[in-house]
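In terms of UniProt numbering, the sequence shown opens at residue 1 and continues consecutively.
A virtual CB, placed ideally from N, CA and C, is assigned to each residue, including glycine.
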Amino acid sequence: MGSLVSTVCDIRRALATVGMENAIDFPQIVVIGTQSHGKSSVIEGIVGRDFLPRGSGICTRRPLLIQLICTPMDHPKRKEDKKSKNADWATFDHVANKKFFDFKDVRKEIEKATDSLAGTNKGVSAEEIHLKIYAKNVVDLTLIDLPGFTKVAVGDQPPDIEDQIRQMSEKYISNPNSIILAVVKATEDFATSEALKFAKQVDPNGDRTLGVLTQLDLMDKGTDATKTLTGELIPVKLGIVGVVGRSQADINNGKTVEKCLDDEDLLLQCIRKTVPDQKMQIQKMTSAYEARLEKLGEPIAEGEKDSALLQVIGDFVSALKNLLDGNSDIVEISRLVGGALLLKVYEESFAVEMKAIDALEGLNDEAILIAQKNVQGSTAEFTVNEKVFRALVKRQFLLFNDPSLKCVDSIHTELLSIVADCKSEMQKKEPRFPVLLDIIEDEIIDYIKKRIKPTKEGIQSLLDVHGNRINTNHPGFEEPIAQFFQEGSMAIKSFLPKENNELTEQEKKYAERVKNLVRDYFNIVRTSVQDEVPKHCTKELVNYLKERIQKHLIETLQGIRKDSKNIDLFGESELMAQERKEASAKLAALIEAKKVLNGIPEILL
């Protein structure tokens with residue numbers, strides 16, 4: 001059993017060096033109870049030594065992990081020095097290469113280590129103290145002594161001291177591989193014991209709870225603890241034992257705490273049961289840290305930076321193209337990304353705005369007749385119908401400008417979002433080079449920004465073309481135009497425009513025919529513009545970016561590498577370097593733990 005307990009402690013110690021002692025649920029015996037209920041006496045009774053801090057109020061103020069190591073007189077460790085030959089001793093993990101043969105000094109060292117972190121005035125700390133005791137009359141056990149439960153803060157204790165101690169205790173007893181030693185004072189109502197109530201929260205069936213009833217000698221005369229000790233009041237499957245001070249109580253079957261633990265081989269059973277799971281846990285964590293270190297990689301050597309630069313640029317541009325084309329390896333299902341954002345602009349935002357344009361905005365009957373007079377000028381022409389139509393249509397085409405140019409801005413915005421998504425994807429794939437990824441993102445953003453002006457100019461040219469040549473021979477316009485000029489010419493000859501506020505019926509009919517004609521032709525051109533603007537944006541912004549950005553990035557970033565001595569493109573963050581260092585240390589600890597586990601002889605399992 002000693003070999004197994006030592007193995008567990010060796011693994012825990014290896015992982016504790018890198019802060020991973022809680023990554024695995026180690027088998028251990030956890031002692032809990034209310035302050036002044038005799039926890040320390042129970043532990044000292046098991047060890048057979050006075051070594052724990054004493055006094056009024058809270059004495060245990062940091063978790064104390066005690067590894068008991070049975071060291072018979074013929075044990076090899078007793079040959080290390082003269083003192084060890086005949087005496088028991090203790091060691092602390094935080095005190096290197098020192099054996100404590102006087103257990104009063106052990107107590108002083110516990111107090112010193114406690115004061116160093118928890119202060120000298122009743123404060124507590126969750127950081128463990130690791131203590132090993134080598135003795136001939138102990139069984140191999142791992143005990144954890146915790147601060148006792150309390151209700152009222154004293155000294156330097158914070159107001160929430162009760163919650164702090166409960167949370168600290170819960171962390172240890174929640175370990176499914178722990179055995180809970182719930183210490184209860186005999187003069188207390190056993191059914192309402194804080195220790196048992198707390199143990200029951202994590203071990204409702206009492207499968208791994210051992211009750212310890214202390215201070216039986218202080219019970220009132222005439223009272224009897226038999227029902228409590230036999231489990232009639234509260235059943236716990238590991239039993240309930242009683243102690244009088246530090247000596248055995250010949251009550252019920254007379255078992256002591258240490259005898260109960262020894263006879264039942266409780267810790268040994270836990271260790272045997274959990275070794276396979278621990279091996280699996282350690283292997284899983286080892287694989288995870290190996291993968292993480294592979295992803296983090298090593299700092300790039302100077303001779304490799306040019307090829308690494310081309311690789312990162314190529315990967316970034318490929319990721320960008322894949323996002324734009326909808327070719328990502330894993331489809332996003334929570335939101336629209338990539339090219340879908342551009343399509344949404346074209347088919348929803350832009351299309352909706354175009355359809356919402358009123359073809360006759362600003363054109364009423366009077367406005368049409370005023371326009372007729374204005375295009376007629378000072379001559380009293382009889383037929384000005386086509387001239388009026390062309391002037392009015394060209395005027396209405398200006399309504400296409402805002403939504404068309406706004407479409408460019410919307411595509412610009414979505415492209416920036418796509419580039420940001422691309423960078424996030426690259427950061428997961430290649431987290432070593434935050435500076436390089438930032439510069440690539442900035443260069444692409446700047447490149448897109450420079451394309452806004454020529455793209456808008458191109459769209460404005462498209463719109464101007466429609467206004468500069470009114471195609472009255474358009475296949476969809478032949479019938480409306482023919483009918484208009486036939487009816488309009490006849491009607492216009494019958495009157496000369498007059499300046500008065502009241503329109504004649506002929507003028508109203510004429511204005512209505514003009515409006516119908518403008519609307520028909522406007523809708524034809526609206527359809528064309530709605531088709532042409534997205535095509536132009538795609539060509540001048542999206543495809544232009546896809547076709548040229550890689551070359552631009554290579555030229556620009558190689559120039560930065562060559563000319564700028566103040567920018568290290570491959571500089572990694574301090575956080576990245578620290579993460580690599582921590583991951584390496586944790587991997588080494590896991591490999592050591594794995595080695596220790598694999599060294600357990602099969603006969604012990």
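Within 10 angstroms of the beta-carbon of V30 lie 16 or more other beta-carbons, which makes it buried. Taking C-alpha positions only, K456 is separated from S328 by approximately 30 Å.
Here G211 carries a strand assignment [DSSP, helix/strand/coil]. Where G314 is concerned, the enclosing alpha helix (DSSP H) starts and stops at 305-325.
Residue burial is scored here from C-beta neighbours: R469 has fewer than 16 other C-beta atoms within 10 angstroms and is therefore classed as exposed. Non-local beta-carbon contacts of F397 in its own chain, meaning distances under 7 Å to residues more than five positions away in sequence, involve L463, H466, G467, V525 in chain order. If you draw a straight line from the Cα of E572 to the Cα of E592, it is about 29 Å long.
Per the DSSP secondary-structure output, S178 pairs in a beta bridge with Q28. Between I411 and L369, the gap from beta carbon to beta carbon reaches 8 Å or more.
DSSP, read as helix, strand or coil, puts C70 in strand.
Going by DSSP, F397 is part of no beta strand (DSSP E) at all; its letter is neither H nor E.
A contact between stretches requires three or more CB pairs, one per stretch, nearer than 8 Å, and the stretch 128-142 meets this requirement with the stretch 67-79.
Listed as beta-bridge partners of A135 by DSSP are C70. Under the three-state reduction of DSSP output, K185 falls in the strand class.
Here N401 has L463 as same chain residues with Cβ atoms under 7 Å from its own Cβ, once five neighbours each way along the sequence are excluded. Sequence-distant partners of E194 (beyond 5 residues in either direction) whose C-beta falls short of 8 Å from its own C-beta, in its chain, are G33, T34, F149. With contacts defined by Cβ atoms closer than 8 Å, T114 and R62 form a contacting pair. In terms of Cα proximity to K453, the closest of K387, I165, H536 is H536. Inclusion of Y447 and I554 in the CB contact set at 8 Å is not warranted, their separation being larger than that value.
Taking every protein chain shown into account, the CB of Q201 has fewer than 16 other CB atoms within 10 angstroms, so this residue is exposed. Taken atom to atom, the span from the alpha-carbon of R54 to that of F103 is near 13 Å. Counting only residues of its own chain and dropping the five nearest sequence neighbours on each side, K85 has a CB closer than 6 Å to the CB of R78. Distance from the CA of P431 to the CA of A288, rounded to the nearest whole angstrom, comes to 16 Å. Only exposed fits N364, as fewer than 16 other CB atoms lie within 10 angstroms of its CB. A straight line joining the alpha-carbon of E162 with that of M168 spans about 10 Å. By DSSP's assignment, T91 forms a beta bridge with K132.
Counting C-beta pairs with one atom in each stretch, the stretch 168-177 and the stretch 137-147 have three or more that are closer than 8 Å, which means they touch. Bridge pairing for F149: T34 [DSSP].
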